[in-house]
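For reference, the structure discussed in these notes is given below.
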Amino acid sequence: MAKWIILTLLFFSPTVVFASPNLDAINQTVCNRFEGDVAKLAGIMDEVRSRKGITETRVAFGGIDTQIKFADYWVTYAAEAIAYQRIQKFSSQNELRYSLEILKGKILKAKNEVGKTL
């Protein structure tokens, strides 16, 4: 009789489900933060261009001849990397962490190049 009670309790008892972190929500949150940082870098570059009287900087086919164009290139590159990061679907935390570290490096490179223009 005791066996049947134990089996009944095991069979009908609610199962415990542990919540796994929603990797997409984490990715979107971090991308929002990074996007804000890149927007600030773009704002700094706009101010640098306006103070130096530069009306337009176009970078096409590697024609980067000034530090301002080089910094603009890296800010654009970081913004595109964030857009690409947003659409990715990750299956593990390690994969997400690795991808975000790569993205962080690109944003820090853009920050470094913007700093050189000041």
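Under this note's numbering, the first residue of the sequence shown carries the number 8, and numbering increases by one thereafter. Heads up, the beta-carbon is just placed ideally off N, CA and C, and yes, glycines get one too.
Original post:
Helix, strand or coil for L16 per DSSP?
Top reply: If you number the sequence shown from 1, residue 16 lands on position 9. Bear in mind that the predicted position of L16 carries a pLDDT of just 48, short of 50, making it too unreliable to give a figure here.
Subject >> K111 versus N119 - alpha carbon distance >> reply: As a position in the sequence shown, residue 111 is number 104, starting the count at 1. As a position in the sequence shown, residue 119 is number 112, starting the count at 1. Straight-line Cα distance between these residues: approximately 12 Å.
Subject >> Pairwise C-alpha distance: S98 and L107 >> reply: The residue given as residue 107 occupies position 100 in the sequence shown. The residue given as residue 98 occupies position 91 in the sequence shown. Rounded to the nearest angstrom, the two C-alpha atoms are 14 Å apart.
Original post:
Using the C-alpha atoms, what's the distance from N34 back to R40?
Top reply: Along the sequence shown, read from residue 1 onward, the residue named residue 40 stands at position 33. Along the sequence shown, read from residue 1 onward, the residue named residue 34 stands at position 27. Cα to Cα, the separation comes out at about 10 Å.
Subject >> Nearest-angstrom Cα separation, counted from I61 out to F77 >> reply: The residue labelled residue 77 in the question sits at position 70 within the sequence shown. The residue labelled residue 61 in the question sits at position 54 within the sequence shown. Answer to the nearest angstrom: the Cα atoms are 14 Å apart.
Subject >> Spatially closest choice to A46 from I94, E102 and I89, by CA coordinates >> reply: Stepping through the sequence shown from its first residue, residue 46 is reached at position 39. Checked all of I94, E102 and I89; the closest Cα to A46 is I89.
Original post:
alpha helix (DSSP H) containing S57: first to last residue?
Top reply: On the sequence shown, residue 57 is found 50 positions in, with the first residue counted as 1. Unbroken alpha helix (DSSP H) run through S57: L30 to K59.
Original post:
Among residues of its own chain, excluding the 5 on either side of D44, which ones have a beta-carbon nearer than 8 Å to its beta-carbon?
Top reply: For the purposes of this step, residue 44 is taken as residue 37 along the sequence shown, with counting starting at 1. Closer than 8 Å at Cβ, skipping near neighbours: I114 and K118.
Subject >> Simplified DSSP assignment, three categories, for F97 >> reply: Locating residue 97 in the sequence shown gives position 90, counting from the first residue. Reduced to three states, the DSSP call for F97 is coil.
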